[in-house]
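Colleague: For the protein sequence lines, the chains are A and B, in the order given. Letter by letter, the first sequence follows residues 54 to 390 of the working numbering. Letter by letter, the second sequence follows residues 54 to 390 of the working numbering. All residues carry an ideal CB built from backbone N, CA and C; glycine is no exception.
Protein chains: 2
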Amino acid sequence: MQTYIVNSPFDMHIHFRDDNMLKVVAPLSSSTFVGGIIMPNLVPPVSTKQEVIDYKNRIMDAIKGDDFTPFMTLFFKPYTKEFLSDVKDVITAIKLYPAGITTNSEGGVESIDTVALAPTLNAMAELNIPLCVHGETNGFVMDRESEFMSVYEELAIAFPKLTIIMEHITTKDAVDLVQKYDNLYATITLQHLLITLDDVAGGMLAPHLFCKPIAKRPEDRDALVAIALSGNEKIMFGSDSAPHPKHAKEACGCAAGVFTAPIALQVLTQLFETHNSLDNLQKFVSDNACKIYNMKAKEKSVTLVKKDFSIPEYYEGHGEKVVPMYFGQTISWSIEN
Amino acid sequence: MQTYIVNSPFDMHIHFRDDNMLKVVAPLSSSTFVGGIIMPNLVPPVSTKQEVIDYKNRIMDAIKGDDFTPFMTLFFKPYTKEFLSDVKDVITAIKLYPAGITTNSEGGVESIDTVALAPTLNAMAELNIPLCVHGETNGFVMDRESEFMSVYEELAIAFPKLTIIMEHITTKDAVDLVQKYDNLYATITLQHLLITLDDVAGGMLAPHLFCKPIAKRPEDRDALVAIALSGNEKIMFGSDSAPHPKHAKEACGCAAGVFTAPIALQVLTQLFETHNSLDNLQKFVSDNACKIYNMKAKEKSVTLVKKDFSIPEYYEGHGEKVVPMYFGQTISWSIEN
Chain A
54 MQTYIVNSPF DMHIHFRDDN MLKVVAPLSS STFVGGIIMP NLVPPVSTKQ EVIDYKNRIM
114 DAIKGDDFTP FMTLFFKPYT KEFLSDVKDV ITAIKLYPAG ITTNSEGGVE SIDTVALAPT
174 LNAMAELNIP LCVHGETNGF VMDRESEFMS VYEELAIAFP KLTIIMEHIT TKDAVDLVQK
234 YDNLYATITL QHLLITLDDV AGGMLAPHLF CKPIAKRPED RDALVAIALS GNEKIMFGSD
294 SAPHPKHAKE ACGCAAGVFT APIALQVLTQ LFETHNSLDN LQKFVSDNAC KIYNMKAKEK
354 SVTLVKKDFS IPEYYEGHGE KVVPMYFGQT ISWSIEN
Chain B
54 MQTYIVNSPF DMHIHFRDDN MLKVVAPLSS STFVGGIIMP NLVPPVSTKQ EVIDYKNRIM
114 DAIKGDDFTP FMTLFFKPYT KEFLSDVKDV ITAIKLYPAG ITTNSEGGVE SIDTVALAPT
174 LNAMAELNIP LCVHGETNGF VMDRESEFMS VYEELAIAFP KLTIIMEHIT TKDAVDLVQK
234 YDNLYATITL QHLLITLDDV AGGMLAPHLF CKPIAKRPED RDALVAIALS GNEKIMFGSD
294 SAPHPKHAKE ACGCAAGVFT APIALQVLTQ LFETHNSLDN LQKFVSDNAC KIYNMKAKEK
354 SVTLVKKDFS IPEYYEGHGE KVVPMYFGQT ISWSIEN
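Structure below.
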């Protein structure tokens, strides 16, 4: 049987949520991934050292001894250098959300002003704390990311020593821009390598494929697939796996987010194999992240086998039910237990 | 109190459905409109003279004596001239659906070939039977209508004596094209004058605003509003009011269609008033349709009063519940009882 071994896979953009949802979803990442960037958009957002420590402890409880390192993040605010120096040893990055742009981002930045934000961003650059950015304006839904490119450019130019991660990029424009500045990097999700707006709203409406940024045009997806498959060193896998309770996703007015953590490695293997690019999967899911975040991976090898995997209708536990992408479908790669 | 009288309003594109849904929704149109084009996409589609007669009888039963004329349509297929001559007195138009493009359109036309369809379309032109067209390709959801423009052009050129109605247009491209050929006309829905894709998928997902063709970009909506407000003689109101049961709209994988019949005149009055264009509302909802379809309207005056109208959460009856656009919201114009 055909197998493929991934060494130390990272998910560089995950939402673990909190409470019962955390208990359900965290083990579905920690059982396979060796680590990941944990997003801080709880209610209230994670923005003090103690909150980071407490959240990390809750995560460690939830993953029950799995060999998984949660890389903690702070919710971006204007922080002092003193604060950042103090918090540095418990965080890996800081995540900037424009205000109100996605789930629990109401307390985000109203205006990304490179002058006003300079004290914080310069301190981050000095302390080697990367800035992760949700890059969308509040414009027309299909244009929000492309309109944000000028903000990325301003940041990249104004803070050349700051590592800036363009999170969950979805457009050809972002694929082009990330290659233009040395200090820009990007994560790409599973779903944005696979779907377009057609899958969300071209047939029946598909709430379980609805996320922010919304899936874009076929030529955008093609650009994302091309750069991910190429193994380009600026590009990392970040699932943006974003669980919401089943009833909330399927209600009138569903929230944005696609839940992919438990299927991501299998589907990625299938995708890279289909395009004869399995040789580059290791870079996309691990090696590039280690270089960009300047870290050494702990050993954890995951064996994928070419064997049918029937994706469950939902995952459940602790009173929560979460529906994964491609629920009810069968894919051709499984993780060896 | 400010009032505005509409004479003989028509809805030139309605889905009345059948059975219990017909009984619920037909009176919500017939109580105010004087007539309308009834779409034939039942299961199975309306495609024989007897089916037209039977469906019309069911509609007349449902509207219980209201002064409303249902203009019946046939589902487009290659029909002979003999058949069309025979059916002509019971229909007003024939509706062409590309196969599989929307609700119950599986039996539509696989390929719109002006040579293959010439016998039917020439016969329709000779018999003065207008052709109503759902103009979408099976391309990317935001491009489907624009990609169809070349098909409209081919039809307009190949059949210069055929009256061709571009149904529920949603793009600036369609607004431009309808003005280019003498035999092209168009209907515009209520929702496409008001919403963009932002309203469907820019915030939370909004199944009750999900329809086909999907709402497009702001500049598309602006072009639609401009031509509707102008009173342009080629443009008619056609709500495409398309009820689905509440549970089906709010389920995972909801069907396409916005239900607007009971709120359309009130919202249109508010829209035209807001843009200081009330003088042209009569053309949009009645006069233009009479000219395009070469018909004389029966007298039926509807008085709109500037008084708050709280749109219900749903309309119900006969075991059916249907949610209207803008449910739970209040608008500033009501229909005088």
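DSSP three-state label for I90(A), please.
Modeller: Numbered from 1 along the first sequence, position 37 holds the residue referred to as residue 90(A). Of the three classes helix, strand and coil, the one that applies to I90(A) here is strand, per DSSP.
Colleague: Hey, how far is the Cα of V231(A) from the Cα of V375(A)?
Modeller: Here residue 231(A) is taken as the residue at index 178 of the first sequence, counted from 1. Here residue 375(A) is taken as the residue at index 322 of the first sequence, counted from 1. If you take the alpha carbons of V231(A) and V375(A), they lie about 33 Å apart.
Colleague: Provide the residue span of the beta strand (DSSP E) that contains C185(B), from first to last.
Modeller: The residue labelled residue 185(B) in the question sits at position 132 within the second sequence. Where C185(B) is concerned, the enclosing beta strand (DSSP E) stretches over L184 to V186.
Colleague: Below 8 Å between beta carbons: does that hold for T223(A) and P266(A)?
Modeller: As a working mapping, residue 223(A) is identified with position 170 in the first sequence. As a working mapping, residue 266(A) is identified with position 213 in the first sequence. Their beta carbons are under 8 Å apart, which means T223(A) touches P266(A) by this criterion.
Colleague: Please state if the CB of H187(A) and the CB of I154(A) are separated by a distance shorter than 8 Å.
Modeller: If you number the first sequence from 1, residue 154(A) lands on position 101. If you number the first sequence from 1, residue 187(A) lands on position 134. Yes, they are a contact pair.
Colleague: What residue from S138(B), N94(B) and L75(B) has the CA that sits closest to K102(B)'s CA?
Modeller: In the second sequence, the residue the question calls residue 102(B) occupies position 49. The residue with the shortest Cα to Cα distance from K102(B) is S138(B).
Colleague: Since G370(B) sits in a beta bridge, which residues does DSSP pair it with?
Modeller: Working through the second sequence from its first residue, we reach residue 370(B) at position 317. Per DSSP, E373(B).
Colleague: I believe A68(B) touches S294(B) by the beta-carbon criterion, under 8 Å. Please report the beta-carbon distance rounded to the nearest angstrom.
Modeller: If you number the second sequence from 1, residue 68(B) lands on position 15. If you number the second sequence from 1, residue 294(B) lands on position 241. Residue identity check: residue 68(B) is His in the sequence provided, not Ala. With 8 Å as the limit, H68(B) and S294(B) qualify as a contact, their Cβ atoms being about 6 Å apart.
Colleague: Spell out whether any CB of chain B is found under 8 Å from the CB atom of G255(A).
Modeller: Within the first sequence, residue 255(A) is the residue found at index 202, counting from 1. Cβ-Cβ to chain B under 8 Å: yes for G255(A).
Colleague: Which whole-angstrom value describes the C-beta separation of A254(B) and V194(A), a residue pair presumed to lie in contact below a C-beta threshold of 8 Å?
Modeller: Taking the first residue of the second sequence as position 1, residue 254(B) is located at position 201. Taking the first residue of the first sequence as position 1, residue 194(A) is located at position 141. Confirmed, Cβ separation roughly 6 Å.
Colleague: May I ask you to list, following chain order, the residues of the segment 265-293 of chain B that have a beta carbon less than 8 Å from some beta carbon of chain C?
Modeller: In the structure shown, chain C does not exist; the protein chains are A and B.
Colleague: Can you find the residues in the same chain that come closer than 7 Å, C-beta to C-beta, to Q335(B), ignoring five residues on each side of it along the sequence?
Modeller: In the second sequence, the residue the question calls residue 335(B) occupies position 282. Same-chain partners within the cutoff: V59 and N60.
Colleague: Throw me the rounded Cβ distance for the K141(B) and I182(B) pair, which I believe falls under 8 Å.
Modeller: Looking up residue 141(B) in the second sequence gives position 88. Looking up residue 182(B) in the second sequence gives position 129. The pair is a contact, with the Cβ atoms about 6 Å apart (cut-off 8 Å).
Colleague: Verify whether the separation of the beta carbon atoms of P93(B) and L127(B) is less than 8 Å.
Modeller: Here residue 93(B) corresponds to residue number 40 of the second sequence, with the count starting at 1. Here residue 127(B) corresponds to residue number 74 of the second sequence, with the count starting at 1. Their beta carbons are under 8 Å apart, which means P93(B) touches L127(B) by this criterion.
Colleague: Quick one: give me the first and last residue of the beta strand (DSSP E) that K117(A) is part of.
Modeller: For the purposes of this step, residue 117(A) is taken as residue 64 along the first sequence, with counting starting at 1. That residue, K117(A), is in no beta strand (DSSP E); it is neither H nor E in DSSP.
Colleague: Which residue's Cα is closest to the Cα of V228(B): I288(B), D196(B), S203(B) and V204(B)?
Modeller: Taking the first residue of the second sequence as position 1, residue 228(B) is located at position 175. Considering only alpha carbons, the answer is I288(B).
Colleague: Thinking C-beta only, is D120(B) closer than 8 Å to K353(B)?
Modeller: As a first step, residue 353(B) must be located in the second sequence, where it is residue number 300. As a first step, residue 120(B) must be located in the second sequence, where it is residue number 67. Result yes, Cβ atoms of K353(B) and D120(B) sit closer than 8 Å.
Colleague: Could you tell me which residues DSSP pairs with N60(B) in its beta bridges?
Modeller: In the second sequence, counting from the first residue as 1, residue 60(B) sits at position 7. For N60(B), which the question treats as bridged, DSSP gives the partners S354(B).
Colleague: Could you check how far apart the C-beta atoms of Y150(A) and F129(A) are, in whole angstroms? I think they sit under 8 Å.
Modeller: Here the question's residue 150(A) lines up with position 97 in the first sequence. Here the question's residue 129(A) lines up with position 76 in the first sequence. Sure, about 7 Å apart at Cβ, within 8 Å.
Colleague: What is the rounded straight-line gap between the Cα of A308(A) and the Cα of P296(A)?
Modeller: Position 255 of the first sequence, counting from 1, holds the residue named residue 308(A). Position 243 of the first sequence, counting from 1, holds the residue named residue 296(A). Looking at the two C-alpha atoms, the distance is approximately 10 Å.
Colleague: Name the two residues that bound the continuous alpha helix (DSSP H) containing M177(A).
Modeller: On the first sequence, position 124 is the one that residue 177(A) refers to. From DSSP, the alpha helix (DSSP H) with M177(A) extends over A171 to E179.
Colleague: Where DSSP assigns a beta bridge to V231(A), which residues make up the other side?
Modeller: Position 178 of the first sequence holds residue 231(A). According to DSSP, which records beta bridges pairwise, V231(A) is partnered with nothing at all.
Colleague: Measuring CB to CB, does D64(B) end up less than 8 Å from S84(B)?
Modeller: Here residue 64(B) corresponds to residue number 11 of the second sequence, with the count starting at 1. Here residue 84(B) corresponds to residue number 31 of the second sequence, with the count starting at 1. In this structure, S84(B) does not lie closer than 8 Å to D64(B) by Cβ.
Colleague: Classify V96(B): buried if its beta carbon has 16 or more other beta carbons within 10 angstroms, exposed otherwise.
Modeller: As a position in the second sequence, residue 96(B) is number 43, starting the count at 1. Label assigned to V96(B): exposed.
Colleague: Is G241(A) helix, strand or coil when you go by DSSP?
Modeller: Here residue 241(A) corresponds to residue number 188 of the first sequence, with the count starting at 1. It is worth fixing the name first, because residue 241(A) is Ile in this sequence and not Gly. Strand.
Colleague: Identify the continuous alpha helix (DSSP H) that holds M54(B) and give its terminal residues.
Modeller: Working through the second sequence from its first residue, we reach residue 54(B) at position 1. Neither: M54(B) is in no alpha helix (DSSP H) and is coded neither H nor E.
Colleague: Whose C-beta lies closer than 8 Å to the C-beta of Q319(A) among residues of the same chain, with five residues either side of it excluded?
Modeller: Stepping through the first sequence from its first residue, residue 319(A) is reached at position 266. L357, F362, I384, W386, S387 and I388, listed in sequence order.
Colleague: Quick one, which of E286(B), F86(B) and V162(B) has its alpha-carbon nearest Y234(B)'s?
Modeller: On the second sequence, position 181 is the one that residue 234(B) refers to. Closest option to Y234(B), Cα to Cα, is E286(B).
Colleague: Which residue from K344(B), G256(B) and R274(B) puts its Cα closest to that of C305(A)?
Modeller: Taking the first sequence and counting its residues from 1, one reaches residue 305(A) at position 252. Of the candidates K344(B), G256(B) and R274(B), the one whose C-alpha sits nearest the C-alpha of C305(A) is G256(B).
Colleague: Can you look up I384(B) in the DSSP assignment and give me helix, strand or coil?
Modeller: Against the second sequence, residue 384(B) aligns to sequence position 331. Reduced to three states, the DSSP call for I384(B) is strand.
Colleague: Around the Cβ of L324(B), are there at least 16 other Cβ atoms within 10 angstroms (buried) or fewer (exposed)?
Modeller: Taking the second sequence and counting its residues from 1, one reaches residue 324(B) at position 271. The residue in question, L324(B), is buried, as its Cβ has 16 or more Cβ neighbours within 10 Å.
Colleague: Quick one: list the residues of chain A neighbouring E373(B), beta-carbon separation under 7 Å, in chain order.
Modeller: Numbered from 1 along the second sequence, position 320 holds the residue referred to as residue 373(B). Those do not exist, as E373(B) stays about 17 Å from chain A at its closest Cβ, beyond 7 Å.
Colleague: Going residue by residue through the segment 110-153 of chain A, where are the continuous alpha helix (DSSP H) segments of at least 4 residues, counting only ones entirely within it?
Modeller: Runs of the alpha helix (DSSP H) inside the segment 110-153 of chain A: 134-140.
Colleague: Mind pulling the chain A residues with CB within less than 9 Å of P151(B)?
Modeller: Position 98 of the second sequence, counting from 1, holds the residue named residue 151(B). Result: empty, since nearest Cβ-Cβ is about 14 Å, beyond 9 Å.
Colleague: Report the residue from G161(A), K148(A) and V162(A) whose alpha carbon sits nearest the alpha carbon of M393(A).
Modeller: Nothing can be reported for residue 393(A): it is not among the residues displayed for chain A, which extend from 54 to 390.
Colleague: From Y57(A), D71(A), F86(A) and K76(A), pick the residue whose C-alpha is nearest to that of S292(A); which is it?
Modeller: As a first step, residue 292(A) must be located in the first sequence, where it is residue number 239. Of the listed residues, the one whose Cα sits closest to S292(A) is F86(A).
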